[in-house]
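There are 2 protein chains.
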Amino acid sequence: MSSNTFKPTKRSKVKRQHERGKYDHASVHAVLDSNPMCHIGYVIDGNPYVTPTLQWREGERVYFHGSSASRMLRTVREGVQVCLTVTNFDGFVLARSPMHHSLNYRSVMCFGTAHVVEGREAKEAALKIMMEGLFPGRWDEVRGNSVQEMKATMVLAMDIEEASAKVRTGMPIDDDEDYDTVNSWNGVVPLVTTYGKAEPDPRNLPGVATPAYLKRRKYP
Amino acid sequence: MSSNTFKPTKRSKVKRQHERGKYDHASVHAVLDSNPMCHIGYVIDGNPYVTPTLQWREGERVYFHGSSASRMLRTVREGVQVCLTVTNFDGFVLARSPMHHSLNYRSVMCFGTAHVVEGREAKEAALKIMMEGLFPGRWDEVRGNSVQEMKATMVLAMDIEEASAKVRTGMPIDDDEDYDTVNSWNGVVPLVTTYGKAEPDPRNLPGVATPAYLKRRKYP
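Top line first, the protein sequences correspond to chains C and A. FYI, the numbering for the first sequence is 1 to 220, going by the working numbering. FYI, the numbering for the second sequence is 221 to 440, going by the working numbering.
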């Protein structure tokens with residue numbers, strides 16, 4: 001096994017359309033870095049839960065966060081297994097039969113044990129990575145977190161133990177005989193996510209500068 | 221309990237920012253109907269998995285689908301519990317301290333036991349609801365599914381047993397004293413998903429009409 005590839009396991013191996021599965025670090029990281037939004041799967045009393053939150057990455061470590069009061073974070077702080085899934089739905093694939101319809105997507109499933117980032121310095125360092133990744137320069141524009149605020153925020157870190165990325169791109173793949181006979185419009189209807197026009201808080205101080213990160217349209 | 225409200229349970233009750241939680245059917249359905257993309261949580265051998273797929277609704281019943289070969293569908297066909305989560309990330313909320321940063325979102329978590337929709341007619345009826353919801357008129361434009369294709373497609377149905385919606389909208393909520401002293405730009409950076417320009421398959425038959433559903437920009 002190459003050191004820059006996650007070993008496909010029973011848990012991470014892509015079963016369906018396995019030729020779309022990728023296990024190299026670069027492919028897994030590319031999907032993680034393409035979208036800060038994720039869904040965290042965890043188990044309480046044998047039942048599955050899926051909670052949306054933000055994730056960010058530092059090397060092989062993925063961070064996610066939330067309130068100290070949340071069900072998810074009260075559970076995973078005990079060190080339970082989580083599945084962190086990031087999905088970009090890139091478009092609908094319209095094919096010549098209902099069954100050949102598909103989606104274009106880039107998704108990743110990461111498995112590991114999450115633990116709480118303890119200590120104010122480590123927690124602040126992790127939060128700063130997130131904010132600077134999303135809104136470069138903003139960390140120094142706002143006031144610092146208070147001790148109380150830091151207590152209310154929980155940051156979780158998960159070293160990726162197993163992971164697989166799955167990617168579909170391109171046109172429909174139809175049965176040979178259908179290309180000459182089916183008269184429908186076929187192709188890809190892309191889904192595009194962009195930043196909308198920024199909406200300033202009416203209570204902003206007068207003359208506040210517009211930061212460069214508000215001028216972007218391309219997400220993220 | 222009103223008949224048009226899901227009873228908040230240990231599983232579905234919104235713990236964090238509980239004032240954002242809603243349990244009435246209309247709120248739950250509104251989020252489900254706002255986005256066909258979902259993440260399904262399920263448990264195998266005690267471990268959580270989160271798989272992205274498409275969902276659609278008929279009354280209190282939510283459908284989702286995939287390949288008969290997928291890990292997810294081979295597992296849930298046995299009737300295990302699933303958590304179906306739909307999330308719209310509507311924007312970043314930029315506040316005056318790092319901790320008050322937030323997201324605007326509309327999300328729903330639905331809990332229930334999924335079962336396989338058996339029988340060609342029931343399966344086709346369910347698939348038609350999905351396709352006609354997404355691309356009205358398309359079902360009759362393409363050729364019908366073959367017997368073999370129907371075997372390769374699995375449709376799952378889940379009657380919603382418990383559910384909660386959670387919604388955040390609007391401006392940051394900062395500490396009183398920060399409004400007069402923090403000089404950052406604050407507000408909402410919306411995230412907007414739209415349909416991009418449709419990309420026709422080069423192998424479409426000549427003179428194929430452009431269906432009305434390709435002229436939409438607003439998603440879904």
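The C-beta atom is built at its ideal place from N, Cα and C for all residues, glycine as well.
Euclidean distance between Cα positions of residue i and residue j
i: C:Pro48; j: C:Ala209; result: 45 Å
i: C:Arg96; j: A:Gln368; result: 15 Å
i: C:Leu32; j: A:Pro356; result: 34 Å
i: A:Met257; j: A:Thr273; result: 6 Å
i: A:Thr295; j: C:Pro8; result: 19 Å
i: C:Tyr63; j: A:Pro392; result: 23 Å
i: A:Arg231; j: A:Glu382; result: 8 Å
i: A:Thr271; j: C:Thr51; result: 13 Å
i: C:Ser27; j: C:Thr193; result: 21 Å
i: A:Met351; j: A:His259; result: 19 Å
i: A:Arg281; j: C:Gly207; result: 52 Å
i: C:Arg203; j: A:Tyr399; result: 7 Å
i: C:Arg138; j: A:Val387; result: 26 Å
i: C:Gln55; j: A:Arg236; result: 18 Å
i: A:Ala418; j: A:Asn365; result: 24 Å
i: C:Arg57; j: A:Lys233; result: 30 Å
i: C:Ala152; j: A:Thr373; result: 46 Å
i: A:Phe226; j: A:Glu361; result: 39 Å
Same chain, Cβ closer than 6 Å to residue i, neighbours up to 5 away in sequence not counted
i: C:Val117; result: Lys123, Ala126, Val155 and Ala157
i: A:Val408; result: Gly311 and Val313
i: A:Lys242; result: Ala385
i: C:Ser107; result: Thr87 and Lys166
i: A:Met221; result: With a pLDDT of 44 at A:Met221, under the threshold of 50, the modelled position of this residue cannot be trusted, and the question is left open.
Spatial neighbours of residue i in its chain, beta-carbon cut-off 8 Å, leaving aside the 5 residues before and after
i: C:Met150; result: Arg120, Lys123 and Glu124
i: A:Trp405; result: Leu314
i: C:Pro190; result: Asp90, Gly91 and Asn104
i: C:Val80; result: Tyr42, Val43, Thr113 and Ala114
i: C:Pro220; result: Ser34, Asn35, Pro36 and Leu134
i: C:Asp174; result: Ala95, Arg96, Ser97, His100, Val182 and Asn186
i: A:Arg291; result: Ile264, Tyr269 and Thr271
Boundaries of the beta strand (DSSP E) in which residue i is found, first to last residue
i: C:Arg120; result: Unbroken run through C:Arg120 is the alpha helix (DSSP H), Arg120 to Leu134; no beta strand (DSSP E).
i: A:His259; result: Met257 to Ile264
i: C:Gly79; result: From DSSP, C:Gly79 is part of no beta strand (DSSP E); its letter is neither H nor E.
i: A:Tyr269; result: Asn267 to Glu278
i: C:Val167; result: Glu162 to Arg168
i: A:Leu425; result: A:Leu425 -> no beta strand (DSSP E), and no H or E assigned at all.
i: A:Tyr399; result: Unbroken run through A:Tyr399: none, as it is neither H nor E.
i: A:Tyr415; result: Gly407 to Tyr415
Within chain A, partners of residue i - CB distance below 8 Å
i: C:Gly187; result: Ala418, Glu419, Pro420, Asp421 and Asn424
i: C:Tyr23; result: Chain A residues near C:Tyr23: none, gap ~16 Å exceeds 8 Å.
Short CB-CB distance (under 8 Å) between residue i and chain A
i: C:Met154; result: no
i: C:Met37; result: yes
i: C:Tyr195; result: yes
i: C:Arg96; result: yes
i: C:Leu191; result: yes
Cβ neighbours of residue i in the same chain (closer than 7 Å, five flanking residues each side left out)
i: C:Gly196; result: none
i: A:Lys438; result: Thr414
i: A:Leu434; result: Ala418
Residue interval of the alpha helix (DSSP H) (run including residue i)
i: C:Met109; result: No alpha helix (DSSP H) holds C:Met109; the beta strand (DSSP E) holding it covers Ser102 to Val116.
i: C:Ala26; result: His25 to Ser34
i: C:Val147; result: Val147 to Ala152
Chain-ordered neighbours of residue i on chain A, where CB pairs are closer than 9 Å
i: C:Val228; result: The structure shown does not extend to residue 228 of chain C, since chain C is modelled only from 1 to 220, so the question has no answer here.
Any C-beta of chain C under 8 Å from that of residue i
i: A:Val328; result: no
i: A:Tyr283; result: no
i: A:Asp398; result: yes
Proximal residues of chain C, C-beta to C-beta of residue i below 8 Å
i: A:Ala429; result: Trp185
i: A:Thr305; result: His39, Val50, Thr51 and Pro52
i: A:Pro392; result: Asp201
i: A:Leu434; result: Trp185 and Val189
Proximal residues of chain A, C-beta to C-beta of residue i below 7 Å
i: C:Leu11; result: The sequence as given places Arg at residue 11 of chain C; Leu does not occur at that position. Chain A residues near C:Arg11: Asn267.
i: C:Gln81; result: Asn267 and Pro268
i: C:Glu58; result: In chain order: nothing, as chain A lies at least about 17 Å away.
i: C:Glu149; result: Ser317 and Met319
Distance cut-off 7 Å: residue i Cβ against heavy atoms of the ligand HEM
i: C:Pro98; result: Absence of the ligand HEM from the depicted structure is noted, as is the absence of any ligand whatsoever, leaving it without description.
Contacts of residue i in chain C (Cβ-Cβ under 7 Å)
i: A:Glu361; result: Ser184
Listed by chain order, chain C residues near residue i by CB distance under 9 Å
i: A:Pro356; result: Per Cβ cutoff of 9 Å: no residues; A:Pro356 is ~13 Å from chain C at best.
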